[in-house]
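**Q**
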Amino acid sequence: NAGVTQTPKFRILKIGQSMTLQCAQDMNHNYMYWYRQDPGMGLKLIYYSVGAGITDKGEVPNGYNVSRSTTEDFPLRLELAAPSQTSVYFCASSRDKGSETQYFGPGTRLLVL
Amino acid sequence: GNSVTQMEGPVTLSEEAFLTINCTYTATGYPSLFWYVQYPGEGLQLLLKATKADDKGSNKGFEATYRKETTSFHLEKGSVQVSDSAVYFCALRGLWQGAQKLVFGQGTRLTINP
């Protein structure tokens, strides 16, 4: 049982480049989330999904897009990367909205230069 | 709105010392409260939780009590070990735009020296 997996672990992007951060979970969870963690700050919610085909914006969605074509996968797309998107990105999942425990992936460290 | 404030880090202690990491919150109603831990190179893991006032969450020797009157959820451990070195996040689960969301504090980095 792998839990929540994320790839890549680390990436350097040039300003204006695009990339997709991958996230997958094998727990059959309906809810999935993307957070970013800036140095010295708490996690901020970027986007979340309550099930396949359904996504919604979180607190800081600008510059990002998501899709949820399957229950397992929840990729995060960065278009036109900017230095302000330098951060650590965490994907998480939970069983349903009543579940109080979120399970986190190991994170992707992104550096935009 | 909902928010969580943690004590500033980093915190450095010697092995077997007593640990307190302060956490206070602002929220409407009575949210559930959590402590998550992030070990080096890993994602966040739930350490303990409390769902109503005066509840005490505990796990791995850590404890935290939900204090409604002081809106606090301080994390404590009587005798820390080197293996407790990690970043600790206080969080609350509250309504945001009609759905339940986790709101995190900024995290407190803890280093335990042998």
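For the record, the sequence lines run as chains A and B.
Just so you know, we're using the working numbering here: the first sequence kicks off at 10 and counts up by one.
Just so you know, we're using the working numbering here: the second sequence kicks off at -9 and counts up by one.
Even for Gly, the Cβ is constructed at its ideal location relative to N, Cα and C.
As the structure is a prediction and not an experimental result, all values here were calculated from the model.
1) Find the residues of chain A that neighbour B:Gly95, judging by a C-beta separation of less than 7 Å, and give them in chain order.
2) Listed from N- to C-terminal order along the chain, which residues in the region 52 to 85 of chain A have their beta-carbon within a distance smaller than 7 Å of any beta-carbon of chain D?
3) If I follow the unbroken beta strand (DSSP E) through A:Met28, where does it start and stop?
4) Can you tell me which residues form a DSSP beta bridge with B:Ser73?
5) Use the C-beta contact count for B:Ala7: other C-beta atoms within 10 angstroms, 16 or more gives buried, fewer gives exposed.
6) Got a sec? Which residues, its chain only, sit under 7 Å from A:Ala91 by beta carbon, not counting five neighbours each side?
7) Mind checking whether A:Val97 and A:Arg86 have CB atoms under 8 Å apart?
8) Strictly below 8 Å CB to CB, what residues from chain B border A:Phe99?
9) Determine the chain A residues that contact B:Leu92 at a beta-carbon separation under 7 Å, and present them in chain order.
10) Where A:Gly60 and A:Ser102 are concerned, what is the direct C-alpha to C-alpha distance, given to the nearest angstrom?
11) Kindly indicate if chain A contains any beta-carbon less than 8 Å away from that of B:Ser4.
12) Please go through the same chain and pick out, in chain order, the residues whose beta-carbon is closer than 8 Å to the beta-carbon of A:Tyr112, but skip the five residues on each side of it.
13) Against B:Phe79, what residues of chain A qualify as contacts under a CB-to-CB distance less than 9 Å, listed in chain order?
14) Which residue comes first and which comes last in the beta strand (DSSP E) that contains B:Gly47?
15) Verify whether the separation of the beta carbon atoms of B:Phe79 and B:Tyr26 is less than 8 Å.
16) Going by Cα to Cα distance, which pick from B:Tyr20, B:Ala76, B:Leu100 is closest to B:Asp45?
17) Of the residues that make up the region 8 to 42 of chain B, which ones have a beta carbon closer than 9 Å to any beta carbon in chain A?
**A** Answer, in terms of the structure:
1) Taking the first residue of the second sequence as position 1, residue 95 of chain B is located at position 105. Going along chain A in sequence order, the residues near B:Gly95 (Cβ under 7 Å) are Gly51.
2) Absent from the structure: chain D. Protein chains present are A and B.
3) What you label residue 28 of chain A is simply residue 19 of the first sequence in a count that begins at 1. Run containing A:Met28: 28 to 34, per the beta strand (DSSP E) assignment.
4) Your numbering for residue 73 of chain B matches position 83 in the second sequence. B:Ser73 is not bridged to any residue.
5) As a working mapping, residue 7 of chain B is identified with position 17 in the second sequence. It counts as exposed.
6) Counting from one through the first sequence, the residue named residue 91 of chain A turns up at place 82. For A:Ala91, where only same-chain residues beyond five positions count, the Cβ hits under 7 Å are Ile24, Gly72, Val121.
7) For the purposes of this step, residue 97 of chain A is taken as the residue at position 88 of the first sequence. For the purposes of this step, residue 86 of chain A is taken as the residue at position 77 of the first sequence. Contact flag unset, no.
8) Indexing the first sequence from 1 puts residue 99 of chain A at position 90. Under the 8 Å cutoff, chain B gives Gly33, Leu34.
9) Walking along the second sequence from the start, residue 92 of chain B turns up at place 102. Under a criterion of Cβ atoms nearer than 7 Å, the residues of chain A adjacent to B:Leu92 are, in order, Gln111.
10) Position 51 of the first sequence, counted from the start, is the residue given in the question as residue 60 of chain A. Position 93 of the first sequence, counted from the start, is the residue given in the question as residue 102 of chain A. So the alpha carbons of these two residues sit roughly 11 Å apart.
11) The sequence position of residue 4 of chain B within the second sequence is 14, counting from 1. Chain A contact via Cβ: absent.
12) Numbered from 1 along the first sequence, position 103 holds the residue referred to as residue 112 of chain A. If we look at A:Tyr112 and ignore the five residues flanking it on each side, its Cβ neighbours are Gly12, Val13, Gln34, Met36, His38, Ala101, Ser102, Ser103.
13) Taking the second sequence and counting its residues from 1, the one referred to as residue 79 of chain B is at position 89. Those are Gly51, Leu52, listed as they occur along chain A.
14) Along the second sequence, one-based indexing puts residue 47 of chain B at 57. Where B:Gly47 is concerned, the enclosing beta strand (DSSP E) stretches over 46 to 49.
15) To locate residue 79 of chain B, count along the second sequence from 1; it is residue 89. To locate residue 26 of chain B, count along the second sequence from 1; it is residue 36. With respect to B:Tyr26, B:Phe79 sits close: the two C-beta atoms are nearer than 8 Å.
16) As a position in the second sequence, residue 45 of chain B is number 55, starting the count at 1. The alpha carbon of B:Asp45 has as its nearest neighbour, out of B:Tyr20, B:Ala76, B:Leu100, the alpha carbon of B:Tyr20.
17) For the region 8 to 42 of chain B, residues whose beta-carbon sits nearer than 9 Å to a beta-carbon of chain A comprise Ser22, Phe24, Tyr26, Gln28, Gly31, Glu32, Gly33, Leu34, Gln35, Leu36, Lys39, Thr41.
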